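*Asks:* In the UniProt record's numbering, the protein residues as written are 1 to 238.
Ideal Cβ positions, reconstructed from N, Cα and C, are used throughout, including at glycine.
For clarity, every value in this text was computed on a predicted model and none was experimentally measured.
Below is one structure. I have some questions about it.
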Amino acid sequence: MMAYRVLVVDDEPQIHTFIRISLEAERFDYYGADSIVMAKSSIEAHAPHLIVLDLGLPDGDGADLVSDIRATSHVPILILTARDEEDEKIRLLEAGANDYLSKPFGIRELIARVKVLVRDLVNTHQPLDDLITGDIRLQISTNQAWFQGETLALTKKEFAFLSLLMATPGKLVMQDVLLATIWGETHKRDSHYLRILVSQLRKKLNDSADDQRLIKTETGLGYRLLSTHPSSESLSDQ
Numbered sequence: 001m002m003a004y005r006v007l008v009v010d011d012e013p014q015i016h017t018f019i020r021i022s023l024e025a026e027r028f029d030y031y032g033a034d035s036i037v038m039a040k041s042s043i044e045a046h047a048p049h050l051i052v053l054d055l056g057l058p059d060g061d062g063a064d065l066v067s068d069i070r071a072t073s074h075v076p077i078l079i080l081t082a083r084d085e086e087d088e089k090i091r092l093l094e095a096g097a098n099d100y101l102s103k104p105f106g107i108r109e110l111i112a113r114v115k116v117l118v119r120d121l122v123n124t125h126q127p128l129d130d131l132i133t134g135d136i137r138l139q140i141s142t143n144q145a146w147f148q149g150e151t152l153a154l155t156k157k158e159f160a161f162l163s164l165l166m167a168t169p170g171k172l173v174m175q176d177v178l179l180a181t182i183w184g185e186t187h188k189r190d191s192h193y194l195r196i197l198v199s200q201l202r203k204k205l206n207d208s209a210d211d212q213r214l215i216k217t218e219t220g221l222g223y224r225l226l227s228t229h230p231s232s233e234s235l236s237d238q
């Protein structure tokens, strides 16, 4: 049976201790982080199936991390919060959280909620693991890519860029979102990073800056992935 990976993000060591013991007793694989920076690193390294997230973190608000995660992933998120106001809980759910648990909480209830979210994950068969747009296919869980049926070798950043565009094919993805997600918040103005990456991707996808049959540049704004097959698309409107 598959062991589901659970990332717990909290800055209180004692909470990590009793959640870890309880998760491992239920045959979950536990991973821990005590900050937003560490959480992002763990998400990239371990691709957790579920995230248990505290809001009060030393380097920022956990709600901001929810928004960042939702830009690229539909992984279930269970919020731990001492904020008991109804408006705050509604805000978190609307931002992309799947469930919340108010502190202090019982470990049995937390494990029960984790199991519900995992059950929902199994029942939906993770349909967004495969992203397909035209002749491009990505498998998120394995970081594999194909173009016109052939294996496509991508760097980690090229894969991240395509997955962001393929999550909303045909729609504009702003360059500051791309930069912050792929390179980090401190690089939101380094647009030349994107130009170099897109140039490399065009070569691999038989695309060009002149035709832009696949990757459409919206100058000064961002990029979009054209959602039709390049072999049959009329380019008269580009």
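From this set, Glu26, Val66 and Ala112, which residue's C-alpha is nearest Val9's C-alpha?
*Replies:* The count along the sequence shown starts at 1 and reaches residue 9 at position 9. Checked all of Glu26, Val66 and Ala112; the closest Cα to Val9 is Val66.
*Asks:* Would you kindly report the start and end of the unbroken beta strand (DSSP E) that includes Asp54?
*Replies:* Counting from 1 along the sequence shown, the entry for residue 54 is found at position 54. Per DSSP, Asp54 belongs to the beta strand (DSSP E) from Leu50 to Asp54.
*Asks:* Start and end of the alpha helix (DSSP H) containing Gln175?
*Replies:* Counting from 1 along the sequence shown, the entry for residue 175 is found at position 175. According to the DSSP assignment, Gln175 belongs to the alpha helix (DSSP H) that extends over Gln175 to Ile182.
*Asks:* So, is Phe28 buried or exposed, given that buried needs 16 or more other C-beta atoms within 10 angstroms?
*Replies:* Translated into positions along the sequence shown, residue 28 becomes position 28. Its Cβ being crowded by 16 or more others within 10 Å, Phe28 is buried.
*Asks:* What is the C-beta distance between Val114 and Leu92, in whole angstroms, given that I count them as a contact (C-beta under 8 Å)?
*Replies:* Against the sequence shown, residue 114 aligns to sequence position 114. Against the sequence shown, residue 92 aligns to sequence position 92. The Cβ separation is near 17 Å, so there is no contact.
*Asks:* Quick check on Ala97: does DSSP put it in helix, strand or coil?
*Replies:* In the sequence shown, counting from the first residue as 1, residue 97 sits at position 97. In the three-state reduction of the DSSP assignment, Ala97 falls in the coil class.
*Asks:* Use the C-beta contact count for Ala39: other C-beta atoms within 10 angstroms, 16 or more gives buried, fewer gives exposed.
*Replies:* Residue mapping note: residue 39 aligns to position 39 of the sequence shown, counting from 1. Buried, because 16 or more other Cβ atoms sit within 10 Å of the Cβ of Ala39.
*Asks:* Considering only the alpha carbon of each residue, which of Gly62, Asp64, Leu7 and Ile19 lies closest to Ile43?
*Replies:* Stepping through the sequence shown from its first residue, residue 43 is reached at position 43. Ranking the options by Cα distance to Ile43, first place goes to Leu7.
*Asks:* Going by Cα to Cα distance, which pick from Ala45, Ser73, Gly60 and Ile36 is closest to Phe161?
*Replies:* Residue numbering aside, residue 161 sits at position 161 when the sequence shown is read from its first letter. Ranking the options by Cα distance to Phe161, first place goes to Ser73.
*Asks:* When you compare only the Cα positions, how much space is there between Ala33 and Asp210?
*Replies:* Position 33 of the sequence shown holds residue 33. Position 210 of the sequence shown holds residue 210. Going from the Cα of Ala33 to the Cα of Asp210 covers about 45 Å.
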